[in-house]
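Residue numbering for the sequence shown follows the UniProt record's numbering, starting at 1 and increasing by one per position. Below is one structure, written out as structure tokens, with a few remarks after it.
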Amino acid sequence: MEMTSLNVRTWGIPFRIGATSYVIEAGLVDNAAFLAPYVQDVQLVLFDLPDGPSNLPDEGTTNRLAEIGAQRDLSYTVHLIEDLQSGSSEQCSPVDELHPSLRSAYEVIERTRTLAPWAWVAHLNGQEARASQFNLDVLREWWRQAGEAVRQVSAWTGNAKRLAIENLEGYPVDLVTPVVEQVQAGRCVDVGHLWLDGRDPTLHLRAAWRRLRVVHLHGVSDDPNQTARDHRSLALMPPSAVDSVVHLLLRNRYSGVVTLEVFGEADFWSSLEALHASIRRFFDP
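In structure tokens:
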């Protein structure tokens, strides 16, 4: 790819292209500064291990991220750390009495609020529902409790649409739909997870369209012996598979964020090239 074509702002497309904060081996600010000339959004991937390392941003970090964003037309999405889960009935409980996943969500939202994120992206903890093989009675209770958790977290964001609930691999794709519709939250459709499960992402993008805030795009390895098959370079996917997704977004003038959810420079550059090639095929078939 020529250097003049690296800046996605010159591509003439309706959506914002983003990358993760783990492209180079450095912190949040250094990754944002590195990526700002090339993309329009950075997904902050955070961790906070008990009695271990943490990259939760302090005020100085968020101030610097905000400066980079203002100078370079760079927005942020923020991935919440823990899969959301509520206890029995916590909607009106003080924050310090909530389920740990909700306390974590509250802290992340408060620490990143000044960045005015395009979205906070969240997973729902569906382990209990999956363990029951999605028994209908268990599902009904899970939907209720998940709804409580999402309602609480969306209240902290100030706008339910800015809490984007993501699909996970190994679960029914429509598992989160009743929760999202109940709370009127946003959606994050992870295309790579759908490819990993052998599903057609275009069907689920269309189904989520009204609430679609973020799209995660990454390749999947076809080697079953690899421990981590997804979050690989988009270049691993057949061009026809990439085109089916990218061209749908272009035809329908999607105006949200598309995050190249890969980690490391090599996968980032090759994914950016694969995405650019697909866009060129759309405009010049």
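Every residue, glycine too, gets a C-beta built ideally from N, C-alpha and C.
Review point. Which class does residue 12 belong to by DSSP, given the choice of helix, strand or coil?
Key: coil
Review point. By Cβ distance, which residues of its chain are closer than 6 Å to residue 146, with the 5 residues on each side in sequence left out?
Key: 124 and 179
Exercise for review: Please state whether DSSP places residue 98 in a helix, a strand or coil.
Suggested key: coil
**Study point:** Beta-carbon spacing of residue 245, residue 217 below 8 Å
**Key:** yes
Practice item. Starting from residue 248, follow the alpha helix (DSSP H) in both directions and report where the run begins and ends. Key: 239-251
Practice item. With a threshold of 16 other CB atoms inside 10 Å of the CB of residue 43, please say whether the residue is buried or exposed. Key: buried
Exercise for review: Please check the pair residue 185 and residue 119, which I expect to be a contact at CB under 8 Å, by giving their CB distance rounded to whole angstroms.
Suggested key: Not confirmed; about 10 Å, so no contact.
Practice item. Quick one: using the 10 Å Cβ neighbour count with 16 as the cut-off for buried, is residue 211 buried or exposed? Key: buried
**Study point:** N- and C-terminal bounds of the beta strand (DSSP E) containing residue 216
**Key:** 212-217
Practice item. Determine the direct distance from the alpha carbon of residue 273 to that of residue 1, and round the result to whole angstroms. Key: Residue placement at residue 1 cannot be trusted, given a pLDDT of 48 that sits under 50; the coordinates are not used to answer.
Point to revise | Limits of the beta strand (DSSP E) - the one that residue 41 falls within | key: 41-45
Check your understanding: Taking Cβ positions, are residue 249 and residue 15 nearer each other than 8 Å?
Key -> yes
Check your understanding: Under 8 Å, do residue 191 and residue 215 count as touching if we go by C-beta distance?
Key -> yes
**Study point:** Contact belief for residue 35 with residue 19 at Cβ below 8 Å, rounded distance in angstroms
**Key:** 5 Å
Practice item. Give the secondary structure of residue 48 by DSSP, where H, G and I count as helix, E and B as strand, and everything else as coil. Key: strand
Exercise for review: Could you work out which residue in 148, 235, 135 and 208 is closest to residue 98 when comparing CA atoms only?
Suggested key: 148
Exercise for review: Look up residue 86 in the DSSP assignment and say whether it is helix, strand or coil.
Suggested key: coil
Exercise for review: For residue 237, I'd like the list of residues in its chain whose CB is within less than 6 Å of its CB, leaving aside the five on either flank, ordered along the chain.
Suggested key: 219
Review point. Alpha carbon to alpha carbon, how far is residue 268 from residue 251?
Key: 25 Å
Practice item. Tell whether a beta-carbon distance below 8 Å holds between residue 157 and residue 121. Key: no
Review point. Rounded C-beta distance between residue 57 and residue 111? I'm assuming under 8 Å.
Key: 6 Å
Review point. Leaving out five residues before and five after residue 66 in sequence, what residues of the same chain have Cβ atoms less than 8 Å from its Cβ?
Key: 114 and 115
Review point. From 261, 263, 242 and 262, pick the residue whose C-alpha is nearest to that of residue 282; which is it?
Key: 242
Check your understanding: So what's residue 18 in DSSP terms, helix, strand or just coil?
Key -> strand
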